[in-house]
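**Student:** Once you've had a glance at the structure underneath, I'll fire off some questions.
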Amino acid sequence: MVWKRRALVWGGWSGGSVAVLMLLGIALFIWAAQEFTRYRPLDVTHRLEQLGTYLLPKGMTLEADKAELYFDDGPILRLNGLGIKGSDGELGVFVEQAAVRFASTQLLLLSAAPKDVEARGVTLRLVRAVDGVSIAGLNFGGDKDEKRKGVVDWLNGLGWDRVWGRLKQVKVADLNLLVRDDVQHAEWVMEDGGLVISRYPDLGERGTMTAFVRRLYGEGDKLDNFDNVPVLVSFEHGPKAEGLEIRGRLDRADAQMVSDYFPPQFGDLLRAQGQVEVGTRLLEDNKMEQPWVTLRLRDVKVHPDVAYSKPMEFPKLTVTASYVPPVEGVSGSDVLMVRELNVTTKRGAVVDASGTIAGMQSGNPLVDFSLTSAKGEIQGVFDLFPDKPRGFAKALEWLRPNIEKGNYTDLTAHYKGFPEAFPGCGEECGVLDIDAEFSDGRVRFLDELSPVEAPEGRLRWRGETMTVTAPKGTIKTAAGTQNVKNVVVTMKDIFAHTPSQLRVTGIVNGPAAGVMSELNKIDEITGKVPLGISGKQTGWMDILVPLPRGAKASFASSTVLVSATIADVGVRGLPQLKGLDFAGSGAVVSLDADKRLRVQTQGTLGGLPMKVDWSQSIAPHAPDHMHLSAQGTVTGAWLMQHVSTTQLEVNGPVGVNVTMDERDDGSWQFAATADGARAQVEVPAVRFTKPVGGRLNVDTKGIYTLGERIALERLDVVGRDLSVNGSVDWYMDDVAKSSVNLPLIKLGQTDVAATMKGGDIVLKGVLLDVSGYDLFDSKVEGKPVDDKPDESLDGLYLDMDVNTVRFERGDLTNVSLDAHAVKGRWEVGKLDALVDGKRILVVRNTLPGQPGRSVMTLAIDDLGRALDVTGLYSQLAKGRLTGDITYDSRDVGGGVLKITDFEVKNPPVMMQVMSLLSLEQMFSGSSSTLFKTATIPVRVDGKVFYLDNASLEGPSMDVRLTGSYDRGQKQMNIDGKLAPGIPLNRLVGKIPLLGTLLTGSQDGVVVADFKVKGSTSDPQVNVRPLSVITPGLLKDFWRGVTGSDTPAPVKLEVQDGRTEQKK
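In this text, residue positions in the sequence shown follow the numbering used here: the first is 11, and each later residue adds one.
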């Protein structure tokens, strides 16, 4: 048993020893071989076919000028003049020198596994076709059923590949690479390249290649040689990755080097200098993803399309894009994919975009793009749009000038659709979404109006509708700042053939004058909008602006709706108010779609209550068509300012209810009622002033032209003892053109009818009561005298036939009067009437054959009664007046009047003269002085009457008068002589010689000289005392020597109806 155990142990040890000895022998052999081949490489050129079969895929062959195997820290295969051919025998790869280091551990297992590969002078040609990437000349061949999955699958299987699974690194120097892209129609030539590829167990494969691009051929626009352009290519493949990442970068390159990787429309973009990067992935079956090209450029000028009149400029631009050219014969098959577009604008904004454009070369591309920008100027966004855009024209024509300033944040935009469908594409326009916040914005709705300054807001664009909202803001006007809130600007139908609709809504509050001043500054309506309105307004606005293509928005073409209230409203300075101010607690203001501005208010006008409804069209180039309804109380004086007449004055409060509508020609159609019960009526021409003191209602309608004409088609006046109706057409500056038709005039006892046409007034009736009127004295107490005559009625002719004209002191009957208004007064052409059955006749006729000359004939049977009844003079009784006055012109003439058998009722002037002469006893017991005759030579020169030695002779005295009377100023300047009719005077005067000595030309011994001067109401009377006792002859002599101011009596005679001095 022991022996057996020993034999067993020995046997086991002996077997193990043999194995160890064998391994040692092998190791010794390998060591000896390594040492031997280190200095004497083993030539294995004849074994290349077997080596190629072992290392290369089926169908590929390996050949070399020389192949040597040696050991240097492991087995190394050194190759010179290496070529790899495909199954068709064409050379695909040529390597001048190569060294393959094998893993030593693999060699112990009697297998070869490359570990590192180094090569120099490598030349190969890569070809990209539609079906994948290949090395030109290498036809892999193999069985038809064998599936070739390409480089990526080979890399993914390296981990368990028995041949290449131990590969760690590949280095290549002096690489010459020709890359031909049959898809993009481009060809690259790179030389002097260096390639390093490394494998990492957990990371996969990484590699880089550097080279110089020596030549670039393709279908780019006018490509030239681009020499000495460095390129850096990187490779990356992760464990089990689906593809091999490939990136190439060219620094400081001309972008035209990649022109074939962009559509022709990018020609301008490719003229810039910068960095170019190309990236792609090699996929299964050696399929290659469409390459992505990244351009990092500076100072780029792009002229994208004819829609841009000038190039777009970007200080910085980065774009990563991939372009698939169109398939021949297939329209719309080209696609531009923009992975990233990053631009910095001249305004400093940074914009990022991405998307696709399909069918660029078809003429109807489909665009799908998104855009973002963190912040920038709002105008900078519009810079990205063409200035002649297709479809966007209407929107941009408004946006560019009207969004004047402001900054945006968080801008996002997305568009998907066919741009060629614009405009009028409706729902087919595609998807367009834009969103942005903005701050410090300034939005103008219309060129004519001030903009809204908004501290913050939001822009939202959806399809054919754009909305700009501003929670609050201000509008700066010439009359103060308006505050606005909840402003919404909406633009609709942006892409329609019809005009887009811009709508602006919001709430406005601030000074009312600000709104009015804004409207008034619009050129087309300047002056139409009333200014001078004060108060604080709060209102809602709604503005609809049509935006036709190629036309600017304007107030004229817009619909503007405003509804507002004004607190503490005030109106001043309006011409229609004639100097009065209006004040009220509030007003309602509206602007309608037809551009009619309306104000409704209630308050006080000049301190009197008034309710007003006013409206006016402010449409440009259109009539104002103003409307005014007023109900309240005004002063009569203010009311008369609207009627240019001096014939009537109304004072005191007058209740009115008037409606006025302006017509196309600027005149007004009106209807009015008035209550004048508390008013006072005055007719200055006849010194008539009377409070109404009772019912006085006026109801009228007609047409009124400011300052020119008032046509009352209906006039009804009803009051206490008053009834007038008819019609009036009155021209304020041309009374002769006026017409009046008043078939009924009843005022007190008056019952007449009046008509006027062509300057002819016809007054007919039963009775005309003028009692209470001063027809012959226009001076009103307490008012200044106006020397200028009222010539407003000049040119009118009066034809009056009235049964009775009633005065304060009596009646004229059977009155027939013809008169002509000249230079502010009525000239009587004929007056024929009876007073107490006695006739009054005054006739003025033109002298035959003597143009401009006329003669007035007077014949009044009872002068005293006629003067008393008419109110002209009450101190004369009886008397018959006859005479003629011949006029050489209208206001200059002369003649002689005679009065017989009359008496003067001791007028105050005569009594004052007699008192100064101490002869008042002559009138004791008598109230009047009788005169037998009066001869009055008279001259007329305008308003001045001259008396030339008029004589009055009577039983008690004789009077001589010489001087003048100014009827305009009511001033007299008369020198007189008075000879009392006592017996001594008359007796001495009849003695021939003694009478001449004592009486001279005075006809009496006792003769007094006196002077009356001053106003007729309070004249100054002076008497020369010495003249009472001085003999007449001596008086005449003394006056001749001293040149007294009292002229000698003038002998007068009448020739041809005129008074002349006798020579």
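Quick reminder that beta carbons are idealized off the backbone N, C-alpha and C, glycines included.
(1) Near V780, what residues of its chain come up, given a Cβ to Cβ distance below 8 Å and the 5 sequence neighbours on each side ignored?
(2) Indicate the three-state DSSP secondary structure (helix, strand or coil) for A403 in the structure shown.
(3) Quick check on K605: buried or exposed, where buried means 16 or more other Cβ atoms within 10 Å of its Cβ?
(4) What's the call for R472, buried or exposed, on a 16-neighbour Cβ count within 10 Å?
(5) Compute the beta-carbon to beta-carbon distance between G147 and V182, rounded to the nearest angstrom, for a pair I have assumed lies under 8 Å.
(6) Identify which residue in V497, V103, L868, Y318 has its Cα closest to the Cα of T479.
(7) Between K980, G704, N661, H631, which lies nearest to D674 when the distance is taken from Cα to Cα?
(8) Determine which residues share a DSSP beta bridge with T715 and list them.
(9) Given a cut-off of 8 Å on the beta-carbon distance, is the pair V110 and L87 in contact?
(10) Within 10 Å of its beta-carbon, does Q547 have 16 or more other beta-carbons around it, so buried, or fewer, so exposed?
(11) Could you tell me the alpha carbon to alpha carbon distance between R608 and I720, rounded to whole angstroms?
(12) For T814, which three-state DSSP category applies?
(13) Could you check what DSSP says for V132 in three-state terms: helix, strand or coil?
(14) Does the contact criterion of 3 or more C-beta pairs under 8 Å hold for the segment 59-79 versus the segment 90-99?
(15) CA-CA distance, P411 and E197?
(16) From the DSSP output, in three-state form, read off S208 for me.
(17) Cα separation between L997 and P990?
(18) Measure the beta-carbon distance from D951 to V902 and round it to whole angstroms, keeping in mind my assumption that it falls under 8 Å.
(19) Could you name the residues that DSSP lists as bridge partners for A597?
(20) With DSSP as the reference, please indicate the residues paired to M370 in a beta bridge.
(21) Taking only the alpha-carbon atoms, compute the straight-line gap between A221 and T475 and give it to the nearest angstrom.
(22) According to DSSP, is S449 helix, strand or coil?
(23) Identify, in the order they occur along the chain, each residue of the same chain with its Cβ nearer than 7 Å to the Cβ of L767, setting aside the five sequence neighbours on each side.
(24) Output the boundary residues of the alpha helix (DSSP H) element that contains S527.
(25) Can the beta-carbon of D420 be found less than 8 Å from the beta-carbon of E387?
(26) Using 8 Å as the cut-off, can you tell me whether the segment 326-338 makes contact with the segment 166-174, which would need three or more C-beta pairs spanning the two stretches below that distance?
(27) Measure the alpha-carbon distance for A764 versus V832 and round it to whole angstroms.
(28) What does M866 pair with, by DSSP beta-bridge criteria?
(29) Grab me the residues of P663's own chain with a C-beta within less than 7 Å of its C-beta, minus the 5 sequence neighbours each way, in chain order.
(30) Is it the case that the Cβ atoms of R452 and G416 are separated by a distance below 8 Å?
(31) Pick helix, strand or coil for H56, following the three-state DSSP scheme.
(32) If you check the beta carbons only, do L242 and L292 fall under 8 Å apart?
(33) Buried or exposed for T880, please, with buried defined as at least 16 other CB atoms from any protein chain shown within 10 angstroms of its CB.
(34) Starting from F1020, trace the alpha helix (DSSP H) both ways and give me its first and last residue.
(35) Beta-carbon separation of V223 and V239 under 8 Å?
**Tutor:** Taking the structure as given:
(1) In the sequence shown, counting from the first residue as 1, residue 780 sits at position 770. Once the five neighbours on either side are set aside, the close Cβ partners of V780 are V696, V815, R816, F817.
(2) Within the sequence shown, the letter at position 393 stands for residue 403. Reduced to three states, the DSSP call for A403 is helix.
(3) Here residue 605 refers to the residue found at position 595 when the sequence shown is read from its first residue. Buried, because 16 or more other Cβ atoms sit within 10 Å of the Cβ of K605.
(4) Stepping through the sequence shown from its first residue, residue 472 is reached at position 462. Burial call: exposed.
(5) Your numbering for residue 147 matches position 137 in the sequence shown. Your numbering for residue 182 matches position 172 in the sequence shown. The pair is not a contact, with the Cβ atoms about 18 Å apart (cut-off 8 Å).
(6) On the sequence shown, position 469 is the one that residue 479 refers to. Nearest C-alpha to T479: V497.
(7) Numbered from 1 along the sequence shown, position 664 holds the residue referred to as residue 674. Among K980, G704, N661, H631, the Cα nearest to that of D674 belongs to H631.
(8) Taking the sequence shown and counting its residues from 1, one reaches residue 715 at position 705. DSSP lists R719 as partners of T715.
(9) The residue you call residue 110 lines up with position 100 of the sequence shown. The residue you call residue 87 lines up with position 77 of the sequence shown. Cβ distance < 8 Å, so V110 and L87 count as in contact.
(10) Position 537 of the sequence shown, counted from the start, is the residue given in the question as residue 547. Q547 comes out buried.
(11) Residue numbering aside, residue 608 sits at position 598 when the sequence shown is read from its first letter. Residue numbering aside, residue 720 sits at position 710 when the sequence shown is read from its first letter. So the alpha carbons of these two residues sit roughly 26 Å apart.
(12) If you number the sequence shown from 1, residue 814 lands on position 804. In this structure, T814 counts as strand in the three-state DSSP scheme.
(13) As a first step, residue 132 is located in the sequence shown; it is residue number 122 there, counting from the start. V132: strand per DSSP, three-state reduction.
(14) yes
(15) Locating residue 411 in the sequence shown gives position 401, where the first residue counts as 1. Locating residue 197 in the sequence shown gives position 187, where the first residue counts as 1. C-alpha separation (whole angstroms): 49 Å.
(16) Here residue 208 refers to the residue found at position 198 when the sequence shown is read from its first residue. Note: S208 maps to strand in three-state DSSP.
(17) For the purposes of this step, residue 997 is taken as residue 987 along the sequence shown, with counting starting at 1. For the purposes of this step, residue 990 is taken as residue 980 along the sequence shown, with counting starting at 1. Here the model assigns L997 a pLDDT of 45, short of 50, so the residue's position is not dependable, and the following value carries that caveat. L997 and P990: Cα-Cα distance of roughly 12 Å.
(18) Taking the sequence shown and counting its residues from 1, one reaches residue 951 at position 941. Taking the sequence shown and counting its residues from 1, one reaches residue 902 at position 892. Confirmed, Cβ separation roughly 5 Å.
(19) The residue labelled residue 597 in the question sits at position 587 within the sequence shown. Partner(s): I576, T611.
(20) Position 360 of the sequence shown, counted from the start, is the residue given in the question as residue 370. In DSSP, M370 forms no bridge with anything.
(21) In the sequence shown, the residue the question calls residue 221 occupies position 211. In the sequence shown, the residue the question calls residue 475 occupies position 465. Distance between the alpha carbons of A221 and T475 is about 54 Å.
(22) Taking the first residue of the sequence shown as position 1, residue 449 is located at position 439. Note: S449 maps to strand in three-state DSSP.
(23) Along the sequence shown, read from residue 1 onward, the residue named residue 767 stands at position 757. Note that residue 767 is Lys in the sequence shown here, rather than Leu. Here the set comprises S749.
(24) As a first step, residue 527 is located in the sequence shown; it is residue number 517 there, counting from the start. Unbroken alpha helix (DSSP H) run through S527: 522-530.
(25) Looking up residue 420 in the sequence shown gives position 410. Looking up residue 387 in the sequence shown gives position 377. Cβ atoms of D420 and E387: not closer than 8 Å.
(26) no
(27) Looking up residue 764 in the sequence shown gives position 754. Looking up residue 832 in the sequence shown gives position 822. Their Cα atoms are separated by approximately 21 Å.
(28) Taking the sequence shown and counting its residues from 1, the one referred to as residue 866 is at position 856. Paired residues: R854, I895.
(29) The count along the sequence shown starts at 1 and reaches residue 663 at position 653. If we look at P663 and ignore the five residues flanking it on each side, its Cβ neighbours are L618, T643, T645, R688, A689.
(30) What you label residue 452 is simply residue 442 of the sequence shown in a count that begins at 1. What you label residue 416 is simply residue 406 of the sequence shown in a count that begins at 1. Yes, the Cβ-Cβ distance between R452 and G416 is below 8 Å.
(31) Position 46 of the sequence shown, counted from the start, is the residue given in the question as residue 56. H56 falls in the helix class under three-state DSSP.
(32) For this step, residue 242 is matched to residue 232 along the sequence shown. For this step, residue 292 is matched to residue 282 along the sequence shown. The answer is no: Cβ separation not under 8 Å.
(33) Numbered from 1 along the sequence shown, position 870 holds the residue referred to as residue 880. The residue in question, T880, is buried, as its Cβ has 16 or more Cβ neighbours within 10 Å.
(34) On the sequence shown, residue 1020 is found 1010 positions in, with the first residue counted as 1. Run containing F1020: none in the alpha helix (DSSP H); it sits in the beta strand (DSSP E), 1018-1025.
(35) Residue numbering aside, residue 223 sits at position 213 when the sequence shown is read from its first letter. Residue numbering aside, residue 239 sits at position 229 when the sequence shown is read from its first letter. In this structure, V239 lies closer than 8 Å to V223 by Cβ.
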